[in-house]
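Residue numbers for the sequence shown follow the working numbering, beginning at 1416 and rising by one.
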Amino acid sequence: MARNVLYPLYQLGNPQLRVFRTNFFIQLVRPGTAQPEDTVQFRIPMEMTRVDLRNYLERIYNVPVAAVRTRVQYGSNRRRDHRNIRIKKPDYKVAYVQLKTSSITSEY
């Protein structure tokens, strides 16, 4: 977890240590259909690309990634409110990540 660290004040010639955090939040979800053992499914922001997700997993969590596939899931609009106007759920992106080793999924 991230914790507050007190860094010394910036002085010329002595740069501060910087902590960079991402603007993305990813969610590991249970797949609706059967997936291979080395594949995991994530729900990611629409702005996130395959390269962003690969770098996110490899550099932050040290998870070896073999391949990344993405698709856009359109939100359903079946519900209607009291004025008979359709209510649409927001769209989201689904990413299927194939890991180089399947030992990570067998632990959980």
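Backbone N, C-alpha and C define an ideal beta-carbon position, used for all residues, glycine too.
Distance CB(residue i)-CB(residue j) smaller than 7 Å
i, j, result
"Arg1458", "Tyr1507", "yes"
"Val1483", "Val1444", "no"
Nearest-angstrom Cα separation, counted from residue j out to residue i
i, j, result
"Arg1495", "Asn1477", "44 Å"
"Leu1468", "Gly1490", "22 Å"
"Tyr1471", "Asn1492", "32 Å"
"Phe1439", "Glu1462", "9 Å"
"Pro1446", "Glu1452", "11 Å"
"Thr1448", "Thr1485", "16 Å"
"Gln1442", "Arg1501", "27 Å"
"Arg1474", "Asn1499", "48 Å"
"Thr1437", "Pro1505", "22 Å"
"His1497", "Lys1503", "14 Å"
Beta-ladder partner(s) of residue i, from DSSP
i, result
"Leu1472", "Answer is none; Leu1472 lacks a bridge partner."
"Arg1465", "In DSSP, Arg1465 forms no bridge with anything."
"Ala1510", "Phe1457 and Thr1485"
"Gln1450", "For Gln1450, which the question treats as bridged, DSSP gives no partner whatsoever."
"Arg1543", "The displayed coordinates of the chain run from 1416 to 1523. Any statement about residue 1543 would go beyond what the structure contains."
"Val1444", "Gln1456"
Distance between beta carbons of residue j and residue i, contact taken as under 8 Å
i, j, result
"Val1487", "Lys1515", "Contact doesn't hold; Cβ gap of about 26 Å is too wide."
"Val1509", "Gln1456", "6 Å"
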